[in-house]
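The structure appears below as structure tokens.
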Amino acid sequence: MAGNSTRLVLDQKIEAATSELGNVLGSCASTSSTPNSEKIEAGCEEKQGDLVTDVGGDFIEVVEGYVTYCKKKIRLPRFVVLKAKYDRKYLRLTENDGALPAGFIKFDGREAMSPQAKFELEMAKSGHGLVHIRCCCNNKYLVRSGTQRWIVAAADKPEENTSKISCTLFELEPVHKSGALEFRFCHMQLGMYACLWRAKIPFYGGLYAGSSAPDQDECDVYTMLDWDSLGSYSEKKSKAVVLPRFVALKAMYNNKYLSLTKNDPALPTGFMKFDGDEVASPLVKFEVEMAKIGNGLVNIRSCYNNKYLMKQGYDKNWIVAAADKPEENANEISCTLFEPEPYDENGGPEFRFHHVELGMYACLWRAKIPFYGGLYGGSNVPDKDACDVYTVVDLNC
1 MAGNSTRLVL DQKIEAATSE LGNVLGSCAS TSSTPNSEKI EAGCEEKQGD
51 LVTDVGGDFI EVVEGYVTYC KKKIRLPRFV VLKAKYDRKY LRLTENDGAL
101 PAGFIKFDGR EAMSPQAKFE LEMAKSGHGL VHIRCCCNNK YLVRSGTQRW
151 IVAAADKPEE NTSKISCTLF ELEPVHKSGA LEFRFCHMQL GMYACLWRAK
201 IPFYGGLYAG SSAPDQDECD VYTMLDWDSL GSYSEKKSKA VVLPRFVALK
251 AMYNNKYLSL TKNDPALPTG FMKFDGDEVA SPLVKFEVEM AKIGNGLVNI
301 RSCYNNKYLM KQGYDKNWIV AAADKPEENA NEISCTLFEP EPYDENGGPE
351 FRFHHVELGM YACLWRAKIP FYGGLYGGSN VPDKDACDVY TVVDLNC
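Everything in the sequence shown is counted per the UniProt record's numbering, starting at 1 for the first residue and increasing by one.
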């Protein structure tokens, strides 16, 4: 990852799984979900890195690790972790459980860096935006479980014949205009979306080809995280970054300070944008608090309104100063944890800030006015225009 020799990973314990058996009763609805059409997520005026900025039904093509979408290339990581939008948990291979089909995978993982959560994307030889997905833990490809519609990691080799039950082809579908690396996966042989299925235990959270229409609760929407960008377990012991207590953040892109907006009904409460000119303004002063859980993570508080930076809402990736207190559970929407990443390996004052719950960088977002310059969790890869790089100005001096 550019300008970052180490990656600090939030390590949390996986909650004990229940073992009560039950019948497989799928309850995932099949009606279409309504795309997010809010003005604040209207997209970017300029090219915003390697991101999706329009999903108007154009043909998608995958070639050598890239999705060509609306004539723009979106980089696809080779090794990925899939995080469900519905419950914020990671897809992982289950351990030996006689009650489940071989290779059963489910969204119940709490550690992004677990070996059971690592998958590889392989571009299909037939092209047309299709991929194979291989579970790196058991070296098996995702495929139907026999004549059932569970998607399991059980195929020994790729199969591109869509008339065969053993077909391993999936089509990636970007979800909406927000620019986040969120996708649906359509199983080509069934013509149905691979969906987090709300069945009874022990099948709850399993991957199931349930409907040919998008799920209304977005149980079929997954954030794609780059495994290589997350680092490795050995990197947890790396030296943590130490930041000043009181800071201002100056964007490398436009040389403006991150400033809390005041009394603008067109903007969300606690909205911030990079439009400040004066470092002495009380609106640009923030306090950096080291997280109690360690791992080099921080909480950031606006000194003007005494609120902590957090994601605006469930499906809103604006970063706003709106939390009354720190939240260090990375699975909570209200999570206030950020990971600072040095931009310069030689120890300069420039940093990126990675929002832990989102798995995205906090980026100066080139949206339309009045949202232009707002702070947005937009991508899990660094922005090529350095819109996510900020000089940390020490206000203690």
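Backbone N, C-alpha and C fix where the C-beta goes; we use that ideal spot for every residue, glycine too.
- Approximately 6 Å separates the beta-carbon atoms of His355 and Phe338; this is inside 8 Å, confirming the contact.
- A distance below 8 Å separates the beta carbons of Leu283 and Tyr304.
- Between Leu172 and Glu160, the gap from beta carbon to beta carbon reaches 8 Å or more.
- Closest by C-alpha distance to Asn331, out of Arg110, Tyr343, Asn96 and Leu76, is Arg110.
- DSSP, reduced to helix, strand and coil, places Ser211 within a strand of the structure shown.
- An exposed status is given to His128, since fewer than 16 other beta-carbon atoms sit within 10 Å of its beta-carbon.
- Residue environment: Arg92 is assigned as buried (16 or more neighbouring CB atoms within 10 Å of its CB, all protein chains considered).
- For Asn263, the closest C-alpha among the options Phe271, Ser145 and Met360 is that of Phe271.
- Asn380 is not a Cβ neighbour of Asp220, given a cutoff of 8 Å.
- Closest in alpha carbon position to Leu100, among Ala291, Ala199 and Ala386, is Ala199.
- Within 10 angstroms of the beta-carbon of Thr261 lie 16 or more other beta-carbons, which makes it buried.
- As the crow flies, the alpha-carbon of Gln189 is around 15 Å from that of Ala213.
- Beyond the five residues adjoining it in sequence on each side, Pro244 comes within less than 6 Å, by CB distance, of Asp394 and Asn396 in the same chain, given in chain order.
- Around the Cβ of Lys164, a 10 Å sphere holds fewer than 16 other Cβ atoms; the residue is exposed.
- Taking the Cα positions, Val80 is about 14 Å away from Leu142.
- Comparing alpha carbon positions, the residue from Leu297, Phe353, Met360 and Pro158 closest to Asn329 is Leu297.
- About 16 Å separates the CB atoms of Gly378 and Lys83; that is not less than 8 Å, and the two are not in contact.
- By the CB criterion at 8 Å, Lys285 and Ala248 fall inside the cutoff.
- Taking 8 Å as the upper bound for CB-CB distance, Gly206 and Trp197 are in contact here, some 5 Å apart.
- Nearest to Lys157 by alpha-carbon distance, out of Glu278, Asn138, Arg149 and Val175, is Asn138.
- Around the Cβ of Lys106, a 10 Å sphere holds 16 or more other Cβ atoms; the residue is buried.
- Exposure of Asp97 is indicated by the presence of fewer than 16 other C-beta atoms within 10 angstroms of its C-beta.
- In the structure shown, the three-state DSSP call for Asp394 is strand.
- Distance between Thr223 and Thr162, taken at the CA atoms: about 26 Å.
- Exposure of Ser126 is indicated by the presence of fewer than 16 other C-beta atoms within 10 angstroms of its C-beta.
- A residue is called buried once 16 or more other Cβ atoms fall within 10 Å of its Cβ, and Thr94 is buried on that count.
- The residues Ile133, Phe170, Glu171, Leu172, Glu173, Tyr193, Ala194, Asp220 and Tyr222, in chain order, have a CB closer than 8 Å to that of Phe185 in the same chain once the five nearest residues on each side in sequence are set aside.
- Around the beta-carbon of Gln148, fewer than 16 other beta-carbon atoms lie within 10 Å, marking it exposed.
- It is roughly 44 Å from the alpha-carbon of Arg78 to the alpha-carbon of Ser281.
- If you look at Ser229, you'll find it in the alpha helix (DSSP H) that goes Trp227 to Leu230.
- Its Cα nearest to that of His187, the residue Val152 stands out among Val152, Gln116 and Ile201.
- Closest by C-alpha distance to Phe246, out of Asp217, Lys140, Met310 and Glu289, is Glu289.
- A straight line joining the alpha-carbon of Gly103 with that of Leu130 spans about 22 Å.
- For the pair Ser259 and Lys250, the CB atoms are not nearer than the 8 Å cut-off.
- Put simply, of Tyr376, Gly276 and Asp388 the residue whose alpha carbon is nearest the alpha carbon of Lys316 is Tyr376.
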